[in-house]
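The numbering of the sequence shown is UniProt numbering, which starts it at 1 and goes up by one.
Everything below concerns the one structure shown next.
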Amino acid sequence: MVAKRAAYILKKFGYSESDIEMVKIAGFMHDIGNVVNRSRHAEYGAILANEILKETDMSLKDRITVVSAIGHHDESTGGATDPISAALIIADKTDVRRNRVRNKAKENFDIHDRVNYAVTDAALKINMDKKVIALNLQIDTKICSMYEYFEIFLGRMMMCRGAAEVLGATFKLTANGSKVL
């Protein structure tokens, strides 16, 4: 999902096939660091991805671009540094949806599960005329309050705003029909 969405973003903004291929690779590999630890997974992921990509015929320049995007995609330590990382960040941080929740027993949900499960619809739209990247969410407030959503996701949405700026765009967020960002 993240790789496909990141490629869609760069394609809409007219980036080269080479850039689109790099963002797909970064999208497929971006959470590989979770095998080590959730904490600092972006940094671990960059190290692991670099080791894997060394074994390919990818150029050093492209490998650095992909590894850097992976290393910068987490809101605790990262931020968009170029169009590849910007598209990866937006694709990753806007990937909020019910079917991400593996454990379907609601009584065992943590706040992240509740927030993802509460999102009944999430649509990422790009308006090239206005240079706007918009995330439109429908949140079931019986499952998760708006407060809980923003407690978890406000930092991620702010990261999307910065990433959109790298692409020369504005990021907008609508939740249950109300403009938030």
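Glycine included, each C-beta is placed from N, C-alpha and C at the ideal position.
Given the structure is predicted, the values throughout are model-derived calculations rather than measurements.
Original post:
CB A46 to CB G27, shorter than 8 Å?
Top reply: In this structure, G27 does not lie closer than 8 Å to A46 by Cβ.
**OP:** Find out if the Cβ-Cβ distance for the pair I139, Y149 is shorter than 8 Å.
**Re:** The Cβ atoms of I139 and Y149 lie closer than 8 Å to each other.
**OP:** Would you mind working out which of R38, G177, N108 and S85 sits nearest I64, comparing C-alpha positions?
**Re:** The alpha carbon of I64 has as its nearest neighbour, out of R38, G177, N108 and S85, the alpha carbon of S85.
Original post:
Going by other Cβ atoms of all chains shown within 10 Å of its Cβ, with 16 needed for buried, is S178 buried or exposed?
Top reply: The residue is exposed, with fewer than 16 neighbouring Cβ atoms inside 10 Å.
Original post:
So I25 packs on K11, CB below 8 Å; how close in whole Å?
Top reply: Contact flag wrong, Cβ pair sits at about 15 Å.
Original post:
How do the stretch 42-62 and the stretch 106-126 stand: do at least 3 beta-carbon pairs fall below 8 Å, yes or no?
Top reply: Under the Cβ criterion (8 Å, minimum of three pairs), the stretch 42-62 does not count as touching the stretch 106-126.
**OP:** Could you tell me whether the Cβ atoms of I90 and I9 are closer together than 8 Å?
**Re:** Yes, the Cβ-Cβ distance between I90 and I9 is below 8 Å.
Subject >> Limits of the unbroken alpha helix (DSSP H) element including F150 >> reply: M146 to V166 is the extent of the alpha helix (DSSP H) around F150.
**OP:** Counting only the same chain and skipping the five closest in sequence on each side, list residues whose C-beta sits under 8 Å from that of M146.
**Re:** The residues are I139, A175 and N176.
Original post:
Near N37, what residues of its chain come up, given a Cβ to Cβ distance below 8 Å and the 5 sequence neighbours on each side ignored?
Top reply: Around N37: Y44.
Subject >> Reduced DSSP secondary structure (H/G/I, E/B, other) of T120 >> reply: Strand.
Original post:
Nearest-angstrom Cα distance between S16 and S68?
Top reply: Their backbone Cα atoms lie some 18 Å apart in a straight line.
**OP:** Taking A169 and A87 to be in contact with their CB atoms under 8 Å, please state how far apart those CB atoms are, rounded to whole angstroms.
**Re:** So it is not a contact: roughly 11 Å between Cβ atoms.
Subject >> Assigned secondary structure, S18 (DSSP; H/G/I helix, E/B strand, else coil) >> reply: Shown here, S18 sits in a helix according to DSSP, grouped into three states.
**OP:** Please list, in chain order, all residues of the same chain as L135 whose beta carbon is under 6 Å from its beta carbon, the five residues on each side excluded.
**Re:** These residues qualify, in order along the chain: T94, L124 and L173.
**OP:** List the endpoints of the continuous beta strand (DSSP E) containing N136.
**Re:** It spans V132 to I139 - the beta strand (DSSP E) in which N136 sits, taken as one unbroken run.
**OP:** Flag this pair as yes or no: are the beta carbons of L137 and M157 separated by less than 8 Å?
**Re:** M157 sits away from L137, with the two beta carbons spaced by 8 Å or more.
Original post:
Among residues of its own chain, excluding the 5 on either side of A3, which ones have a beta-carbon nearer than 7 Å to its beta-carbon?
Top reply: Excluding positions up to five away in sequence, the list reads K24, G27 and F28.
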